[in-house]
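All the letters of the sequence shown, read from the start, carry residue numbers 276 to 737 under my numbering. Heads up, the beta-carbon is just placed ideally off N, CA and C, and yes, glycines get one too.
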Amino acid sequence: MHNRTTVLLIIGLLAPLALLAQNRAPSLYLNYQDNEAGDIIINTLRVASPSPLYTYYCGLLWNGGQDAGGYCGMQEHPAGRNFIYSLWDPISTNEAITADYAHPDTDLANFGGEGTGLRSLNFGIGWEAGQWYSLVSRAWSTDGQYTYFGYWVHDQQNQAWHHLVTMKYPVPGLKFNTGTSSFIEDWLGNGEEARTVHHQNGWKRRTADHSWIPFDEAYFDRVYPDAGTVNYIENYDGGVVNNEYYFMASGGTTMPVTNEDDVLLSLPTSATEPGFPAGEFSNLLLEEENDSLLTSWDVVESKSPQYAYHLRIFDNAQLSGIPLISVDHVKPHFRNETLNINGLVNNQEYYIQFYITDIFDRESASVIVPFVKGATVSVDPQLLGGSISLFPNPVDDTLNLLFSQEITDAAIRIFDMQGRLISQTTVRNTSLAAIPVDAPGGLYLLTVNDGATQRALKFFKH
């Protein structure tokens, strides 16, 4: 039996309350037939050109009327093209939603008027019409108190993944319980302009066995009646193009020549999973200081993002027996870990094994690195353009990096000592770079990565 769970109420809440002009383009939606609990949902969107202002292209909408109800997508906003992710406030508790991580270009704010909750907007990454973007959200619980909701975007044109936000929801054990929906909405009232969005490669991963449900069937419908769209209520269309993607078109002179509303669409697929390449890491760096071993690494942005990381220290090259130190952390945004090696013997050789798990639970290849406690382990200073000087240290607001040789192209990232990314920038064709430090006082890690090698330096912020 097909499900046709209505999202009319939810989309109605998203529309402006003052319906004065009645000039909005009709709101359209796709209701996918994935009515099983899942922990990952995915949809892939392409916005057609031209794309009028004040349009919300929602790729994923879930759990309406339940704890952890939310939606995410792409907006044509007056301030720029953004990626948005929102969760409604809990029903079962008054505790607020917070952010465990936010991308440096992600802005967080509480919202109201359409229910209340926490919203994230990222204008810095941006998106382009005519290009495909995969939106991925994953829910997980590790502490028995919260459910974490991560949001990633894959830019297919540039083969780059971005982790935009992880929200910390004050109810444990939540999943994507309802069927998933997508919609297109004119939130202001410029219905005279047509807008079109395409959807493909949509999936939900079942909680029960981690198998994948494709979004291969969807009910296409519109919000009707709707007083705010009276002048353009019949200007819409939707369907499937060449068995490649769903489309929804709204406003302008669009007419329902492909399908009228309230129709079940089919987009068959022979795939059994989304098909993203497994995650990889690079540039593992070890640095010992005062009975602590600082490990830092990078991830390959064209591969699936990190979900967790794993470290083991053994006293033998065969990695046999129980590891002396073992770390397994579900922290998608961490890129360093400080290990207490006080219990290891000075001047003895040990072996550290490191690997990551990506957001689809696939393990990367592991790397095994030998080190001798009491001997500093670091990158050869001849790499990365020779030695690097960092000053002043401590710093007030601007950190200077002096390279002994001109650096051609390098990514500069600053992390706190819990591994959270504080800022990132790129420097090119320079031997001196000024790096703003907008962070509270404390100890930080700065990494310099030229694409082949990485160097890590510590500094203190007043």
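Hey, quick one: how far does the beta strand (DSSP E) through ASN385 stretch, first residue to last?
381-386
If you compare alpha carbons, which of ASN433, ASP380, PRO447 and GLN431 is closest to ALA414?
Closest option to ALA414, Cα to Cα, is PRO447.
Can you list, in chain order, the residues of its chain with a C-beta nearer than 7 Å to that of PRO580? Leave out the 5 residues immediately preceding and following it.
TRP427, TRP436, HIS438, GLY554, VAL574, PRO607, ASP633 and ILE634
Measure the alpha-carbon distance for PHE690 versus PRO711 and round it to whole angstroms.
13 Å
If you draw a straight line from the alpha carbon of ILE317 to that of THR368, how long is it in whole angstroms?
28 Å
Length of the line joining the Cα atoms of THR441 and GLY344
15 Å
Contact check, GLN628 vs ILE643, beta carbons under 8 Å
yes
Between LYS443 and GLY313, which are expected to be in contact by the criterion C-beta below 8 Å, what is the C-beta distance as a whole number of angstroms?
At roughly 20 Å, the Cβ-Cβ gap does not stay under 8 Å, so LYS443 and GLY313 are not in contact.
Answer yes or no: the CB of GLY649 versus the heavy atoms of the ligand GDP, is any distance below 7 Å?
The model on display carries no ligand, and the ligand GDP is accordingly not part of it.
Around the C-beta of PHE666, are 16 or more other C-beta atoms found within 10 angstroms, so that it is buried, or is it exposed?
So PHE666 counts as exposed.
What's the C-alpha gap between LEU721 and PRO353?
35 Å
Sequence-distant residues of its chain with Cβ nearer than 8 Å to LEU599 (five each side left out):
Correct list, in chain order: ILE588, PHE589, ASP590, GLY618, LEU619 and TYR625.
Other residues of its chain near SER653: CB distance less than 6 Å, five sequence neighbours each side excluded
For SER653, the pLDDT reaches just 43, beneath the cut-off of 50, and the residue's location in the model is therefore unreliable, although a value from the coordinates is still provided. Non-local beta-carbon contacts of SER653 in its own chain, meaning distances under 6 Å to residues more than five positions away in sequence, involve GLU562 in chain order.
Taking 8 Å as the threshold, find out whether the region 357-373 comes into contact with the region 389-404 through three or more Cβ pairs.
Taking 8 Å as the limit for Cβ pairs, the verdict is that the region 389-404 does touch the region 357-373.
Does SER525 pass the burial test, meaning 16 or more other C-beta atoms within 10 Å, or should it be called exposed?
buried
From ASN385 to LEU396, what does the alpha carbon distance come to, in whole angstroms?
Using only the alpha carbons, I get a separation of about 11 Å.
Measuring only the C-alpha atoms, how far is ALA583 from SER641?
13 Å
Just to confirm the assignment, what range does the beta strand (DSSP E) spanning GLN628 have?
624-633
Out of GLU535, LYS578, SER664 and ARG481, which one is the CA nearest neighbour of LEU767?
This structure cannot speak to residue 767, because the chain is shown only from 276 to 737.
What is the DSSP secondary structure of ALA414, reduced to helix, strand or coil?
strand
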